[in-house]
Amino acid sequence: MDEGLCNLEVDVNGEETFMVDKTIITQYSSKLAKVFGKSSGGSGKLKVIFHDFPGGAEGFELMLRFCYNNGKGNLSPSNLLLARYAAEYMEMNESVKNVSNLLDQTEKSVQGISYWSWSEILITLKQCQNLLVDDSSVMLEKCLDAVVGRLVSASEASPCPSSCSNDSSGIRFSCDSKSTESIKTNFTRSTWWFEDLLFLTPQMVIMLVKSMLSSKLDHYVISRFLLYYQKAKFATATTDEKCKIIEMVIDMHYEIDRNSVSFKTLFGILRVTLCLNISKCSRNKLEIMIGSQLDQVTLDNLLVPSPYGINYLYDVNLVLRFLKAFLRQGTGAVAPVRMRKVASLIDLYIAEIAPDPCLKTSKFLALATALPDSARDSCDELYHAMDMYLEVHPQLSQDERIKICCGLNYEKLSPQACLHLSKNTKFPSKSAVQALISQQSKLKNLLLTTTTTPISTPYNDSLCGSSGSSQKGKKEKSNEQVVLYAGNFDIQPDNEKMKEHLQGMQWRVMELEKVCKKMQTQMAKMTKSKASGHSYGKSLPKLCS
1 MDEGLCNLEV DVNGEETFMV DKTIITQYSS KLAKVFGKSS GGSGKLKVIF
51 HDFPGGAEGF ELMLRFCYNN GKGNLSPSNL LLARYAAEYM EMNESVKNVS
101 NLLDQTEKSV QGISYWSWSE ILITLKQCQN LLVDDSSVML EKCLDAVVGR
151 LVSASEASPC PSSCSNDSSG IRFSCDSKST ESIKTNFTRS TWWFEDLLFL
201 TPQMVIMLVK SMLSSKLDHY VISRFLLYYQ KAKFATATTD EKCKIIEMVI
251 DMHYEIDRNS VSFKTLFGIL RVTLCLNISK CSRNKLEIMI GSQLDQVTLD
301 NLLVPSPYGI NYLYDVNLVL RFLKAFLRQG TGAVAPVRMR KVASLIDLYI
351 AEIAPDPCLK TSKFLALATA LPDSARDSCD ELYHAMDMYL EVHPQLSQDE
401 RIKICCGLNY EKLSPQACLH LSKNTKFPSK SAVQALISQQ SKLKNLLLTT
451 TTTPISTPYN DSLCGSSGSS QKGKKEKSNE QVVLYAGNFD IQPDNEKMKE
501 HLQGMQWRVM ELEKVCKKMQ TQMAKMTKSK ASGHSYGKSL PKLCS
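The sequence shown maps to residues 1 to 545 in the UniProt record's numbering.
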């Protein structure tokens, strides 16, 4: 360049200073033309300072070459984006001497992006990221579409067997050795690009994944990429960066089809978040995803340590939130078999946390009553967990013990559990009486429906009735014996097991009656003892309706 014609000094972002010919550069740049007008500005030198020129000195030099080369740019995938944003910044949108302006030339070059190699597309995408291109940029959108288009084409050529089980053991059992090797090969072909895209920031990954989802790329492959990205990035990330990465992974998994994400994957993500302060929104999404698959979870998965500052051994509040998410699907949307699986799981969990001396009654009861009554066929496991909790917490008041018993459905206790409860001093006496009444009524009805000869039982309206009935019973003690006999069961000779079963039930009914009578006598004595300050009334009310 002739030094005599360099009459404009340009400072580019404080990186470098250029001396240029103002006349040449203003022909192509409408931005500078507006600044200096049509005048030549005399012989004095002028200075322009740019603070935010896209691409810095490199971008400005690329733009200068275009201007000094009579509007001819040597554009390639490696510099196309730089030229594009330099042209936009300098408003180079008007043709000069019948030569297309720089914006038009870059736009024409972008149209051929589908013919670029994979590495050329990635170079341009990396430039979009380095230049902090706006999310709504047309160039960024075209680059992302090109990346996803290549991945979709590759997956169609070598589809990933996502229909197989996510667990590799499922593949081993369902396929022979040759087909298994083929599956592994196909899966490797569908994940070859994982390493290539690790340069992306979490925000760019979000845009990429959204484009993948709209293009129907296999959701299982997307999930594996997110986990691969998280693991690779965590190796060198700071705590704040880890939070942003894992939040992105959670948010994107929330958009993926739930059938493509196993509960093991979700609990793996949960373990990562335990030592990170992620946003409440992302944490809620993760808990909702886990809760929706709660029927597949194991007890070990639920034994998550309590967060710092809470005395409980395990994070009970977390499990309660899982339950809330599971039930939020609606009872109509949850199949009974799934509900029973969750009930069985929660009973195991309650039994595991019951020995915790720091566990509050309110939390124990919240777990015991979280599921609808129809979820359990039997309450034996729940009863045993309550028994353990009361043993570890002997300091509980009578009212607190009664509240705990409210979570128990006595109708669903087995005869063995009912007998155990009747002799269990840790439970309120009212609970024991109510359990015996419920159990006796159930066994009586069962016997009546399975025999041809009615069972003769001089029952009162309530076996453990009012204190008045108890006083009357003293006068008629000799006639108060309850008679139970088998009668002539209509049982075929070859059905001896049924006969033995019925006889066993009869024996249990008589045992229940003996215990109930004993407790009835004790209750009558307690009614007389008014000095103690306890009054049980004329009848035994039900604890929990």
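For glycine and all other residues, C-beta sits at the position ideal for the given N, C-alpha and C. Bear in mind the structure is a predicted one, so any value in this text is a computation, not a measurement.
For residue i and residue j, what's the separation of their Cα atoms in angstroms?
i: Ile353; j: Tyr314; result: 7 Å
i: Glu88; j: Thr298; result: 57 Å
i: Leu320; j: Pro394; result: 25 Å
i: Gln203; j: Ser260; result: 23 Å
i: Gln127; j: Gly55; result: 9 Å
i: Glu120; j: Phe66; result: 22 Å
i: Leu281; j: Ile246; result: Sequence inspection shows Cys at residue 281; the Leu mentioned does not correspond to that position. Going by the C-alpha atoms only, they are around 12 Å apart.
i: Gly14; j: Lys47; result: 13 Å
i: Phe36; j: Glu156; result: 56 Å
i: Cys464; j: Gln398; result: Its pLDDT being 36, under 50, Cys464 is placed unreliably by the model, and the measurement read from it follows with that caveat. Their Cα atoms are separated by approximately 21 Å.
i: Lys403; j: Val316; result: 19 Å
i: Glu9; j: Thr23; result: 13 Å
i: Pro428; j: Lys210; result: 58 Å
i: Glu16; j: Asp145; result: 35 Å
i: Ser114; j: Asn284; result: 40 Å
i: Val337; j: Trp118; result: 49 Å
i: Trp193; j: Asp300; result: 35 Å
i: Lys517; j: Val433; result: 10 Å
i: Thr239; j: Tyr254; result: 23 Å
i: Val152; j: Asp356; result: 52 Å
i: Asp199; j: Gln230; result: Before going further, note that residue 199 is Phe rather than Asp in the sequence given. Answer to the nearest angstrom: the Cα atoms are 12 Å apart.
i: His384; j: Glu241; result: 46 Å
i: Ser431; j: Lys233; result: 57 Å
i: Cys6; j: Val96; result: 21 Å
i: Asp387; j: Thr521; result: 25 Å
How would you write the range of the alpha helix (DSSP H) that residue i sits in, first residue to last?
i: Phe267; result: 263–273
i: Gly291; result: 280–292
i: Glu61; result: 56–68
i: Asp387; result: 380–392
i: Cys418; result: 415–422
i: Glu411; result: From DSSP, Glu411 is part of no alpha helix (DSSP H); its letter is neither H nor E.
i: Leu75; result: No alpha helix (DSSP H) holds Leu75; DSSP gives it neither H nor E.
i: Thr361; result: 361–368
i: Pro336; result: 336–353
i: Ser223; result: 219–234
i: Leu213; result: 202–214
i: Ala33; result: 30–36
i: Trp118; result: 118–130
i: Cys405; result: 398–405
i: Lys244; result: 239–255
i: Glu88; result: 80–90
State the beta-bridge partners of residue i as determined by DSSP.
i: Tyr314; result: Pro305
i: Leu46; result: Leu8
i: Val152; result: Val152 is not bridged to any residue.
i: Glu16; result: Val12
i: Val99; result: Val96
If residue i sits next to residue j, beta carbons under 8 Å apart, how far is it from one beta carbon to the other, in whole angstroms?
i: Ala325; j: Ile288; result: 5 Å
i: Ala351; j: Glu391; result: Going by Cβ atoms, the distance from Ala351 to Glu391 rounds to 12 Å, so no, they are not a contact pair.
i: Val147; j: Leu208; result: 7 Å
i: Met139; j: Ile206; result: In fact, because the Cβ distance is near 18 Å, the residues do not count as touching under 8 Å.
i: Val12; j: Ala57; result: 5 Å
i: Thr361; j: Leu396; result: 7 Å
i: Gly73; j: Ala83; result: 6 Å
i: Glu91; j: Ser190; result: The pair is not a contact, with the Cβ atoms about 44 Å apart (cut-off 8 Å).
i: Tyr312; j: Cys275; result: Actually they do not touch by this definition, with Cβ atoms about 18 Å apart.
i: Leu318; j: Val304; result: 6 Å
i: Ile256; j: His219; result: 5 Å
i: Leu436; j: Ser422; result: 6 Å
i: Ile346; j: Leu371; result: 6 Å
i: Ala368; j: Arg340; result: So it is not a contact: roughly 16 Å between Cβ atoms.
i: Leu131; j: Cys143; result: The pair is not a contact, with the Cβ atoms about 12 Å apart (cut-off 8 Å).
i: Ser438; j: Glu400; result: With 8 Å as the limit, Ser438 and Glu400 do not qualify as a contact, their Cβ atoms being about 22 Å apart.
Between residue i and chain B, is there a C-beta pair that is closer than 8 Å?
i: Asp257; result: Checking the listed chains, one finds no chain B in this structure; it contains a single protein chain.
At a cut of 8 Å, does the region 291–307 reach the region 320–339 through at least three beta carbon pairs? yes
Counting pairs of Cβ atoms below 8 Å between the region 57–64 and the region 107–116, do you hit three or more? no
The region 221–229 / the region 270–283 touching (three or more Cβ pairs under 8 Å): no
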